[in-house]
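For the record, the sequence lines run as chains A and B. Following the numbering used here, the numbering of the first sequence begins with 1417 at its first residue and continues without gaps. Following the numbering used here, the numbering of the second sequence begins with 522 at its first residue and continues without gaps.
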Amino acid sequence: MSHPQVLTARMTEHPTDSHTLERYETTGGYRHARRAIDMTRDEIVDLVKASGLLGRGGAAFSAGLKWSFLAPSRPSYLVVNGDESEPGTFKDRQLLERDPHQMIEGIIITSVANEVHEAFVYIRGEYPKPARRVQQAIDEAYAAGYLGQGIFGRDYDLDVTVHLGGGAYICGEETALINSLEGKRGEPRLKPPYFPAAKGLYMMPTIVNNVETVSNLPHILEMGTDDYRALGHADDSGTFLFSVSGHVKEPGNYELPHGITWRELIFDIAGGIRDDRALKAWIPGGASAPWFVPEHHLDLEITKDATGNAGSMLGSGAVVVMDETTCAVKAAERIVRFFSHESCGQCTPCREGTTWLEMILRRIEDGSGRRIDAELLLDVSDNISPGLTWPPKQTTICPLGPSAVSPITSVSRYFKDELLQHIEQAGCPLG
Amino acid sequence: MTWPAEVQQRAKELIGRYPDPKSAVMPLLYLAMRQDGYLTETGMQEVAGWTGHTPAQVQSVATFYGMFKTEPLGTYLVSVCTSISCMLLGGDDVLEAVEDETGVPDGETDADRLFSVEHVECLGACGGAPAVQVNYELVEGPSPDQARALCRWLRDQRPALVNTDDMQERFGGRRSFDWAIAEERSALGPFPAFGPYGTVWEGDK
Chain A
1417 MSHPQVLTAR MTEHPTDSHT LERYETTGGY RHARRAIDMT RDEIVDLVKA
1467 SGLLGRGGAA FSAGLKWSFL APSRPSYLVV NGDESEPGTF KDRQLLERDP
1517 HQMIEGIIIT SVANEVHEAF VYIRGEYPKP ARRVQQAIDE AYAAGYLGQG
1567 IFGRDYDLDV TVHLGGGAYI CGEETALINS LEGKRGEPRL KPPYFPAAKG
1617 LYMMPTIVNN VETVSNLPHI LEMGTDDYRA LGHADDSGTF LFSVSGHVKE
1667 PGNYELPHGI TWRELIFDIA GGIRDDRALK AWIPGGASAP WFVPEHHLDL
1717 EITKDATGNA GSMLGSGAVV VMDETTCAVK AAERIVRFFS HESCGQCTPC
1767 REGTTWLEMI LRRIEDGSGR RIDAELLLDV SDNISPGLTW PPKQTTICPL
1817 GPSAVSPITS VSRYFKDELL QHIEQAGCPL G
Chain B
522 MTWPAEVQQR AKELIGRYPD PKSAVMPLLY LAMRQDGYLT ETGMQEVAGW
572 TGHTPAQVQS VATFYGMFKT EPLGTYLVSV CTSISCMLLG GDDVLEAVED
622 ETGVPDGETD ADRLFSVEHV ECLGACGGAP AVQVNYELVE GPSPDQARAL
672 CRWLRDQRPA LVNTDDMQER FGGRRSFDWA IAEERSALGP FPAFGPYGTV
722 WEGDK
């Protein structure tokens, strides 16, 4: 592959010890954290703004802009979001496990930029091995004087604590994550007023950044904004980690620039469809994203805007590929079941709506679907996300409910005949 | 009932990691599971005492998150992912094989409390689908037959500790990415093995 690797370079070149402090330092590590301590908050924030770095957790919001919203009261906190749970996504797991010091250096830079002296890394509970690796790296960094009191021999204290989740997808939503870290149920908070940058952890200004976002920071300081932007494509700067799964020959995490096409990603990079079957559909950005189909989207450039204009999103970079043997109704049922299971239950449209959507899809798949069900699915969806628009409107505190609507509108748009066949034939036409 | 001195010491250390003791409720719930094998009422009351939550608040937290189990569990909690990417590559067949081999239906524990079996939502192992975890230690890409063999091995060998790298080597298939190097630390029971929580085997000392 000729695409330059940045975040995954060390683990590729030094597979057996990329997670150690020794290897991290012999490959240039921690130089930029040292440098950051001598920079002013504004200098770092402006640099990150200029780099064009967008959050890699799914929302793609400018990281530098997010930092610039930090309210002036102190203490401020940093929470690194490693609660990676969006179906199809497994890139943060690799970054945590294989290059934890890269993230820690990013934490130091982010902390200095936001006057943070206490940072937390929230890692999902089902990731004990990544958590152990990160803890090992944190211990090494403390021992070397890069974390703790007076880091790098300077007048700056920084503590980093790993916190394990308890198996709840919703905690990936930043305000739910903050509630969870405060020892509460992981229920999202209303925004406004609870924007983390103003009223976050313990009601203090808080930055919540994704693992991949933070891991980019040492490279932005290393390369400077122009070179960093040049890695990307137009407005999408830097590289992007795609997690490709499903019916491709070579599933995996691929670090790529934006601007290639879906055809290149699925057929060249991920090796094409298993057994050379036909491609039926793919999810371009995690289970929350509306699906793409080969007839319309294969030669679309992979950029934030092109994906958004075509009615979907790059989200967390999870590309789930489905071949011609996949039942669209069953795939939708599985995704809706996920959101139904993970709904925190605060908002009625989401709690009740996702439950009904799951039940209706299951009865269609099982051959007990009713004639009105195709309409009923859209009607229930409309109560969760009025107008079924993209980007979605919501009747809920957070976007989880509208996420469950994406597979419904996708099936309705591209596989309506297949859905109706299920009802008419009282069963799945694919067997 | 109070915890033994060394567990109390661990609780104090965990509380010390946060600006507010209430934040330590999740780590302490894992500690309580380590003590009793699952979350008992006594365990949750103990956590309430340490963190300053009411017992009802602790219970409301415990029941919100899927990994805090308030019913007795087997020695081995076998979790099979059946979310979208795993479903596409046979996760349902792996679940069926696990249920059949252990004789334990999804969501239940056997009378001997050897196995608990559950289907779970996405484990972040989609590139190595289908994914299985034993006591949260991951095995990527097992076939239904390999999943059966894994269950037989657990039943016949009754390993006191399970470890992701060891199980992957024995029963795994395709991985999401190169795991590169194996580590030896292992899970002691049906809760995540993490050093600071006292839930990981650190080797013979």
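Beta carbons: idealized from backbone N, C-alpha and C, even for Gly.
Go ahead and label residue i buried or exposed: buried means 16 or more other beta carbons lie within 10 angstroms of its beta carbon, across all protein chains shown.
{"i": "residue 1818 of chain A", "result": "buried"}
{"i": "residue 1595 of chain A", "result": "buried"}
{"i": "residue 1606 of chain A", "result": "exposed"}
{"i": "residue 1565 of chain A", "result": "exposed"}
{"i": "residue 1419 of chain A", "result": "exposed"}
{"i": "residue 1619 of chain A", "result": "exposed"}
{"i": "residue 585 of chain B", "result": "buried"}
{"i": "residue 1498 of chain A", "result": "buried"}
{"i": "residue 1428 of chain A", "result": "exposed"}
{"i": "residue 717 of chain B", "result": "buried"}
{"i": "residue 1591 of chain A", "result": "buried"}
{"i": "residue 537 of chain B", "result": "exposed"}
{"i": "residue 530 of chain B", "result": "exposed"}
{"i": "residue 1583 of chain A", "result": "buried"}
{"i": "residue 1807 of chain A", "result": "exposed"}
Beta-carbon within less than 8 Å of residue i's beta-carbon, same chain only, minus the 5 sequence neighbours each way: which residues are those?
{"i": "residue 543 of chain B", "result": "572, 573, 574"}
{"i": "residue 1471 of chain A", "result": "1477, 1478, 1479, 1482, 1625, 1626, 1629"}
{"i": "residue 689 of chain B", "result": "659, 660, 661, 696, 700"}
{"i": "residue 694 of chain B", "result": "649, 661, 662, 663, 664, 667"}
{"i": "residue 1573 of chain A", "result": "1533, 1564, 1565, 1566, 1567"}
Residue range of the alpha helix (DSSP H) that residue i falls in?
{"i": "residue 1668 of chain A", "result": "Unbroken run through residue 1668 of chain A is the beta strand (DSSP E), 1668-1673; no alpha helix (DSSP H)."}
{"i": "residue 1664 of chain A", "result": "Unbroken run through residue 1664 of chain A: none, as it is neither H nor E."}
{"i": "residue 1633 of chain A", "result": "1633-1647"}
{"i": "residue 1425 of chain A", "result": "1425-1429"}
{"i": "residue 1448 of chain A", "result": "1447-1453"}
{"i": "residue 1842 of chain A", "result": "Premise fails: residue 1842 of chain A is in no alpha helix (DSSP H) and is neither H nor E."}
{"i": "residue 1734 of chain A", "result": "Premise fails: residue 1734 of chain A lies in the beta strand (DSSP E), 1734-1739, not in any alpha helix (DSSP H)."}
{"i": "residue 1438 of chain A", "result": "1437-1442"}
{"i": "residue 1830 of chain A", "result": "1816-1830"}
{"i": "residue 637 of chain B", "result": "That residue, residue 637 of chain B, is in no alpha helix (DSSP H); its beta strand (DSSP E) goes 636-641."}
{"i": "residue 1484 of chain A", "result": "1479-1484"}
{"i": "residue 1391 of chain A", "result": "Any question about residue 1391 of chain A goes unanswered here, given that chain A covers just 1417 to 1847."}
{"i": "residue 1705 of chain A", "result": "It is not in any alpha helix (DSSP H) - residue 1705 of chain A carries neither H nor E in the DSSP assignment."}
{"i": "residue 565 of chain B", "result": "562-572"}
{"i": "residue 1793 of chain A", "result": "1789-1800"}
{"i": "residue 1463 of chain A", "result": "1457-1467"}
{"i": "residue 1723 of chain A", "result": "1720-1725"}
{"i": "residue 1809 of chain A", "result": "Where residue 1809 of chain A is concerned, there is no enclosing alpha helix (DSSP H), given that its DSSP letter is neither H nor E."}
Tell me where the beta strand (DSSP E) around residue i begins and ends.
{"i": "residue 1696 of chain A", "result": "1695-1699"}
{"i": "residue 463 of chain B", "result": "Outside the shown range of chain B (522 to 726) lies residue 463 of chain B, about which nothing can therefore be said."}
{"i": "residue 558 of chain B", "result": "Segment: none, residue 558 of chain B is in no beta strand (DSSP E) and carries neither H nor E."}
{"i": "residue 1539 of chain A", "result": "1532-1539"}
{"i": "residue 1625 of chain A", "result": "1622-1626"}
{"i": "residue 628 of chain B", "result": "That residue, residue 628 of chain B, is in no beta strand (DSSP E); it is neither H nor E in DSSP."}
{"i": "residue 1498 of chain A", "result": "1492-1498"}
Leaving aside the five residues before and after residue i along the sequence, list all residues of the same chain whose C-beta is less than 6 Å from its C-beta, in chain order.
{"i": "residue 1834 of chain A", "result": "1744"}
{"i": "residue 611 of chain B", "result": "651"}
{"i": "residue 631 of chain B", "result": "625"}
{"i": "residue 1430 of chain A", "result": "1439"}
{"i": "residue 1535 of chain A", "result": "1494, 1523, 1527, 1576"}
{"i": "residue 726 of chain B", "result": "With a pLDDT of only 41 at residue 726 of chain B, under the threshold of 50, the placement of this residue in the model should not be trusted, and no figure is reported."}
{"i": "residue 671 of chain B", "result": "692"}
Suppose the cutoff is 7 Å on Cβ atoms and the five residues either side in sequence are ignored; what does the same chain contact list for residue i look like?
{"i": "residue 628 of chain B", "result": "639"}
{"i": "residue 1668 of chain A", "result": "1660"}
{"i": "residue 704 of chain B", "result": "686"}
{"i": "residue 1706 of chain A", "result": "1727, 1728, 1806, 1822, 1825, 1826"}
{"i": "residue 1796 of chain A", "result": "1769, 1772, 1773"}
{"i": "residue 698 of chain B", "result": "648"}
Cβ of residue i within 7 Å of any heavy atom in the ligand ZN?
{"i": "residue 1510 of chain A", "result": "With respect to the ligand ZN, the structure shown offers nothing to examine, as it has no ligands at all."}
Runs of beta strand (DSSP E) wholly within the stretch 1755-1781 of chain A (minimum 3 residues, chain order): Fully contained in the stretch 1755-1781 of chain A is no beta strand (DSSP E) run of length 3 or more.
Touching by the beta-carbon criterion (3+ pairs, under 8 Å), the stretch 1730-1747 of chain A and the stretch 1755-1767 of chain A: Short answer: they don't touch.
Every unbroken alpha helix (DSSP H) within the stretch 581-615 of chain B, with a cutoff of 4 residues, ordered by chain: Fully enclosed alpha helix (DSSP H) runs of 4 or longer: 605-609.
Cβ contact check for the stretch 599-617 of chain B and the stretch 645-665 of chain B: 3 or more pairs under 8 Å: Under the 8 Å Cβ criterion, the stretch 599-617 of chain B counts as touching the stretch 645-665 of chain B, having at least three qualifying pairs.
Touching by the beta-carbon criterion (3+ pairs, under 8 Å), the stretch 1819-1836 of chain A and the stretch 1749-1764 of chain A: Yes, since at least three Cβ pairs between the stretch 1819-1836 of chain A and the stretch 1749-1764 of chain A fall closer than 8 Å, the two stretches touch.
Uninterrupted beta strand (DSSP E) stretches inside the stretch 1542-1609 of chain A (no shorter than 3 residues): Fully contained in the stretch 1542-1609 of chain A are the following beta strand (DSSP E) runs of length 3 or more, in chain order: 1575-1580.
Contact the stretch 1508-1515 of chain A vs the stretch 1595-1604 of chain A: 3+ CB pairs below 8 Å: Result no; under three Cβ-Cβ pairs closer than 8 Å.
Secondary structure, beta strand (DSSP E): runs of 3+ residues fully inside the stretch 648-726 of chain B: Scanning the stretch 648-726 of chain B for uninterrupted beta strand (DSSP E) segments of 3 residues or longer gives 652-655, 658-661, listed from N- to C-terminal end.
Stretch-stretch touch, CB-based, cutoff 8 Å, three pairs: the stretch 1515-1531 of chain A with the stretch 1444-1456 of chain A: The stretch 1515-1531 of chain A vs the stretch 1444-1456 of chain A: in contact.
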